[in-house]
Amino acid sequence: MEKTKGSWKSKLAQIYGKAGVLVILLIMCIILSIATDTFLSPRNLINVVRQIAFWAMIGLGAMCVIITTGIDLSPGSVAGVAGLLVAGAAQNPDTPLVVMFLIAICVGVIFGAINGSLVAFGGIPPFIATLGTQITGRGIALLISNGRPVNGLSDKFVFLGAGSLGPVPMPIIFLAILSLITWYMLKYTKTGRHIFALGGNEQAAIVSGVKTKFVKLFVYIFASVLAAISGLVLTARVASGQPSLGDGYELQAIAGAVIGGTSLSGGAGTVYGVICGTLVIGVLNNGMDLLNVNGYWQKVAQGVIIIVAVLLDVLRKKTSK
Amino acid sequence: MKKRLFALVMAMSLLGATMAGCGSTGEGSGDANASGGDSAAADTGSYKIGCSFDYLSDFMANVTDGVNGYAAESNGKVSVTVQDAEYDVAKQLQQVENFIAGGYDAVVIKPVDAEGCAPMASACRTAGIPFIIVNTQANCDYDTYIGSDHVLSGKLQAEYVGEALGGKGKVAILTGELMVQAAIDRLQGNKSVFEEKYPDIEVVSELDAGWMRDEAMTKTENWLNSGLDINAIIASNDEMALGAAKVLKENGITDILVCGIDATAEALNALKSGEMAMTVFQNGYEQGYQGVKAAVDIIEGKSVEKYIDVPYETVLPDQADKYLELVGG
Amino acid sequence: MDKSKVLLRMEHISKVFPGVVALDDVELTIHPGTTLALMGENGAGKSTLMKILVGLYQRTSGSIVFDGKELDTSSITKVIQQGISMIYQELNPISNMTVAENIYIGREPYRIKGIMLDRKKIVQDTKALFGQLGIEGIDPRAEVGTLSVAKMQMIEIAKAVSYHSKLIIMDEPTSAITEKECQQLFRIVRQLKAEGVAFIFITHKMDEVFQISDEIAILRDGRYIGTWDADNLTQDELVKNMVGREITDMFPKEPAEIGDVKLRVSNLSVKGLLHDINFEVRRGEILGFAGLMGAGRTEVMETLFGIRKADTGEIQIDGKTVKIHTPEQAISHKIAFLTEDRRGNGCFLNLSVQDNIMVVNWDMMKNTMKQIDYGKVKQTCDEQIEKFNVKTPGAQQIIGNLSGGNQQKALIARWLYSDPEIIIVDEPTRGIDVGSKSEIHRMLSRLAGQGRAIIMISSEMPEVLGMSDRVVVMHEGTITGILNREDATQDVVMRYAAGLENQFR
Chain B
20 MEKTKGSWKS KLAQIYGKAG VLVILLIMCI ILSIATDTFL SPRNLINVVR
70 QIAFWAMIGL GAMCVIITTG IDLSPGSVAG VAGLLVAGAA QNPDTPLVVM
120 FLIAICVGVI FGAINGSLVA FGGIPPFIAT LGTQITGRGI ALLISNGRPV
170 NGLSDKFVFL GAGSLGPVPM PIIFLAILSL ITWYMLKYTK TGRHIFALGG
220 NEQAAIVSGV KTKFVKLFVY IFASVLAAIS GLVLTARVAS GQPSLGDGYE
270 LQAIAGAVIG GTSLSGGAGT VYGVICGTLV IGVLNNGMDL LNVNGYWQKV
320 AQGVIIIVAV LLDVLRKKTS K
Chain U
119 MKKRLFALVM AMSLLGATMA GCGSTGEGSG DANASGGDSA AADTGSYKIG
169 CSFDYLSDFM ANVTDGVNGY AAESNGKVSV TVQDAEYDVA KQLQQVENFI
219 AGGYDAVVIK PVDAEGCAPM ASACRTAGIP FIIVNTQANC DYDTYIGSDH
269 VLSGKLQAEY VGEALGGKGK VAILTGELMV QAAIDRLQGN KSVFEEKYPD
319 IEVVSELDAG WMRDEAMTKT ENWLNSGLDI NAIIASNDEM ALGAAKVLKE
369 NGITDILVCG IDATAEALNA LKSGEMAMTV FQNGYEQGYQ GVKAAVDIIE
419 GKSVEKYIDV PYETVLPDQA DKYLELVGG
Chain S
7 MDKSKVLLRM EHISKVFPGV VALDDVELTI HPGTTLALMG ENGAGKSTLM
57 KILVGLYQRT SGSIVFDGKE LDTSSITKVI QQGISMIYQE LNPISNMTVA
107 ENIYIGREPY RIKGIMLDRK KIVQDTKALF GQLGIEGIDP RAEVGTLSVA
157 KMQMIEIAKA VSYHSKLIIM DEPTSAITEK ECQQLFRIVR QLKAEGVAFI
207 FITHKMDEVF QISDEIAILR DGRYIGTWDA DNLTQDELVK NMVGREITDM
257 FPKEPAEIGD VKLRVSNLSV KGLLHDINFE VRRGEILGFA GLMGAGRTEV
307 METLFGIRKA DTGEIQIDGK TVKIHTPEQA ISHKIAFLTE DRRGNGCFLN
357 LSVQDNIMVV NWDMMKNTMK QIDYGKVKQT CDEQIEKFNV KTPGAQQIIG
407 NLSGGNQQKA LIARWLYSDP EIIIVDEPTR GIDVGSKSEI HRMLSRLAGQ
457 GRAIIMISSE MPEVLGMSDR VVVMHEGTIT GILNREDATQ DVVMRYAAGL
507 ENQFR
């Protein structure tokens, strides 16, 4: 009797363990599809995914950093700087798209290299190092733009954010591509596996010949490049280079990653979790807008959902032990 | 030991970079300092004026231009420093304190929070230097307030919408962060007009889009998806209005009026192309210019009004070109 | 020993975890003033039983009577107040607080109630407590983080005594302390026994079991096997009852052909740690490293492996000088290092068995596209798990859920897959059950037989003496002696380890 009960419970725990946030997400979707008649419309669903795409792109990088037990607070600013510089280039209709991507990637590499070096070689705690680059980055964005938006962007560039391939908006396509790259990197490359090793036990990783400093440098660069690309696509989406672009996105991204089961103590995180986790935030925001919920309550609900999701995760880990 | 030294150096350089990012020192057009020098000799009439603005947005860039414009005209008599408080009252207080400690002759702020200025005012009072606020009214002991009545800007929007819709219709409002006084005032201005003059206009939704274009796009998309019937969208600044207009254009919707505030170059162009219906011009340049001017007048012992009004002006599409010249777009 | 009185009686204890029965109808009795050794292989249920007793786990069924009353196990604090203390294998003192603060934490006396702590009183009380127990050389005002493991243990015992505990449970108390410290510990245990305190020891060290305990209780696979008087049980019988089979040869070093010098270390020094280390190891040889804790044995290996930086010294492999500055370089020279601290720098506890085995081997798992080939990974892991007899539900199991012995076997699988020629093992069998232990010994012996050079650090004298072809003895950062198998007896090794003799002076 007891045994069957135990195994039933453990099965439930297993299902939740595998599905995790998906359960929360589905519950939210079911509630919203009952409460509103518009939530389930294809148009709205595509909208939600497009809206979270920018957070999720940053969230992918945030996850990689968090797996190594680090944290990155700078991606919002990196997105801002990259977006502005790309917008500057996009004012000229003859600038090829490749150049714009190169600009964004360069911005990402530079910021990532600074973050990574400060953490890996400077021994500065990631929270402080990336807080520094966050503030510096925002300052740089304001300096180069003089606080004003950059307008008059070329149509082909704007297409990257506002256009769509068939029914699928471009930001979702970018998210899909970056998700695939991240998933592949984590699973099929040695560096990817070493990211988990570093987060699982840094001392053991050193003994096992993992180049821990290189791996740290790599994850911060990877995260910044994703942030920069997110900034590029977001700039194209709003069709204007904005000095305040991406402000606060890092927190949404980190929240999404953590709701999606990325462990702040390191060693655990999945691409699938990040997408679902960010969707939880996106669906929540969207649902509350559809229901016309007042802005103050929206903030309260966002905070609560983060706590609940992480709490569930902690409980799950406890029961599985 | 080495490690620690490295960390220290990095921290210092970061700090340096941060300060460079936040403050832009404008001495006018460059030759200002050459003639007047930066000696603090008060008798020759050389003044250092510190400005702390709530956030260096597109609009505040106009105010900053006005501030720098006065400094440039003064031929080195006045030098100004502008800092960004990033919507943080505590940070603004710090910046004011640093100005005082740095021997500045006057402080000009755009308050982050109407209720949070008292400590800054009393600090300036104690130091014996003028304390001037621009753009946003605050509840404290200031020397003078140069501004435009935010409630009025909201009223102008609502008047326009009420008339354009013939006194009947549904309106959705995109507000700024409701922790900022301007957002509260503008919303109040919108509503007071509807309540008093146009009882048949219904505010069907008001959402906080944090002054940001991308968030405004999200909110507008969600409105459209929720099947809400809307005749006009009132946004508390042009950034949000442009975001709303962009989503409407993408969806091929042309019968919703979009109103903004600020009259930025991009918004004025949107008026011309018909994507926006109206905006409200707030003369940021004049606010900044008058702010520094008032500071200098007080320092020099001239009497200054407690409130200097720089009025808001409704801008309709046919006036867009005129204002484009003004804002330098 | 007074068997008429019963201090603790646990009956019909069962514990069911989701899907697993960890304890099945177990009983345990202990008399006042006696020591009971709780024995069993890892995973036999010893820790679970003790955690139930101290209130960390709630039992599924069964009863516990302590000191004539039903024991309230609803919380750890309540159990402590009723007179039972447990000293854990991984001590968790608050390392930035003082000795006295650690002992009195949670019940600090106040000079002014709720406002001002009486720091003087806790220091005085601690001194009195140490005096009573004959503990010397620990300053109550010292920060605990600065003390050795053995001293932290003394502090934990003192803390238990200060709670007037009638029963003290010690989990592997001697696994991290030296022989001398061990004897000091036993002296205190005997003293407290005389005052009527009872002890339960969980340990894997056979010689200690017979040295300290009055009775021996044995668990196997979650079941109670029985309790014997220590005097009436031989070591062989004990082992037989623990594993359910007889282990005839505990240390089966098989003769292997000793070949050329594989590795030579010359003049290796690390300032303040190691001084002029010289030794060589040949193919087919097991070179034992003996010495007391802190003699620098682990540090030699860490330097050799590139984890620590050497100030001087030369390393030759196959007669050629090599440079090793990082573990990666060491691995590329086909050196493997199975570290001492399994949890600290061996296992990735929250990662899968697969990730743990593969962490040094990913390069070999790449296909022609430079992509990790998961077909190969799965096949390799399954083979390694099979080959090294790692008991796990599968390669995807999180390694933290396995027993210590199986974690160790997975780590061996990690290092041996890359086919290393020099294998360094640091305390390979610490905290491991008897069955796994002899498996690991057989494995080392077989590896030597294949012509590999093996360096084994061990603090268990019978293991060093039984397994090694030659024994290097270290004392305070220097090598004091290198002994041949036939010359190495327990006495001789101890004399070198204590620095009483030195071949090189």
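Chains as they are written, first to last, in the working numbering: chain B, 20 to 340; chain U, 119 to 447; chain S, 7 to 511.
Glycine residues also receive a C-beta, built at the ideal position from the N, C-alpha and C atoms.
Pull up the distance between the alpha-carbon of residue i and that of residue j, whole angstroms please.
{"i": "S:P146", "j": "S:G61", "result": "29 Å"}
{"i": "U:S157", "j": "U:V226", "result": "Note on U:S157: pLDDT 37, under 50, position unreliable in the model; the coordinate value appears next. About 21 Å."}
{"i": "S:K11", "j": "S:K75", "result": "14 Å"}
{"i": "S:K133", "j": "S:D177", "result": "26 Å"}
{"i": "U:A129", "j": "S:G300", "result": "The predicted position of U:A129 is uncertain, since its pLDDT is 47 and thus under 50; a value taken from the coordinates is nonetheless stated next. Answer to the nearest angstrom: the Cα atoms are 38 Å apart."}
{"i": "S:N273", "j": "S:A316", "result": "10 Å"}
{"i": "B:L51", "j": "S:I224", "result": "59 Å"}
{"i": "U:G307", "j": "U:A276", "result": "8 Å"}
Of all Cβ atoms in chain B, is any one closer than 7 Å to the Cβ of residue i?
{"i": "U:A438", "result": "no"}
{"i": "U:D332", "result": "yes"}
{"i": "S:N273", "result": "no"}
{"i": "S:T345", "result": "yes"}
{"i": "S:P333", "result": "yes"}
{"i": "S:N351", "result": "yes"}
{"i": "S:W368", "result": "yes"}
{"i": "U:A179", "result": "yes"}
{"i": "U:D380", "result": "no"}
{"i": "U:D206", "result": "no"}
Could you confirm whether any beta carbon from chain S is found closer than 7 Å to the beta carbon of residue i?
{"i": "B:S227", "result": "yes"}
{"i": "B:Y291", "result": "no"}
{"i": "B:K209", "result": "yes"}
{"i": "B:G89", "result": "no"}
{"i": "B:G219", "result": "yes"}
Spell out whether any CB of chain U is found under 7 Å from the CB atom of residue i.
{"i": "B:S249", "result": "no"}
{"i": "B:G314", "result": "yes"}
{"i": "B:T57", "result": "yes"}
Quick one: which chain B residues come within Cβ less than 7 Å of residue i?
{"i": "U:L174", "result": "L161 and G166"}
Taking 7 Å as the threshold (C-beta atoms), are residue j and residue i in contact?
{"i": "S:E286", "j": "S:R270", "result": "yes"}
{"i": "U:P237", "j": "U:A413", "result": "no"}
{"i": "U:Y303", "j": "U:V269", "result": "Here the sequence assigns Asp to residue 303 of chain U, which means Tyr is not the residue at that position. In this structure, U:V269 lies closer than 7 Å to U:D303 by Cβ."}
{"i": "S:S451", "j": "S:G411", "result": "no"}
{"i": "S:K268", "j": "S:A459", "result": "yes"}
{"i": "B:P188", "j": "B:R69", "result": "yes"}
Return the residue from the list the options that minimises the CA-CA distance to residue i.
{"i": "S:M45", "options": "S:F216, S:G350, S:M122 and S:F192", "result": "S:F216"}
{"i": "S:D347", "options": "S:D379, S:E305 and S:D220", "result": "S:E305"}
{"i": "B:D174", "options": "B:P168, B:K232, B:L283 and B:A109", "result": "B:A109"}
{"i": "B:S4", "options": "B:V329, B:V323, B:G306 and B:F241", "result": "In the structure as shown, chain B starts at 20 and stops at 340, and residue 4 of chain B therefore has no counterpart that could be examined."}
{"i": "U:G194", "options": "U:V398, U:K166 and U:L360", "result": "U:K166"}
{"i": "S:N102", "options": "S:E149, S:D124, S:G89 and S:F136", "result": "S:E149"}
{"i": "U:A395", "options": "U:N387, U:Y425 and U:V298", "result": "U:N387"}
{"i": "B:A223", "options": "B:S198, B:I240 and B:G286", "result": "B:G286"}
{"i": "B:G306", "options": "B:V293, B:G292, B:I294 and B:Q321", "result": "B:Q321"}
In chain S, which residues lie less than 8 Å from residue i when you measure between Cβ atoms?
{"i": "B:A216", "result": "F354, L357, D361 and V365"}
{"i": "B:G286", "result": "F354, N356 and L357"}
Run down chain S in chain order and give the residues with a C-beta less than 7 Å from the C-beta of residue i.
{"i": "B:A223", "result": "N351, G352, C353 and F354"}
What residues from chain U crowd round residue i, counting only those whose CB sits closer than 9 Å?
{"i": "B:N66", "result": "T336, E339, N340, L342 and N343"}
For chain D, is any of its Cβ atoms less than 7 Å away from the one on residue i?
{"i": "U:S323", "result": "The question asks about chain D, but that chain is absent: this structure's protein chains are B, U and S."}
Quick one: which chain B residues come within Cβ less than 9 Å of residue i?
{"i": "U:L386", "result": "Here the premise fails: no neighbours, minimum Cβ distance about 11 Å."}
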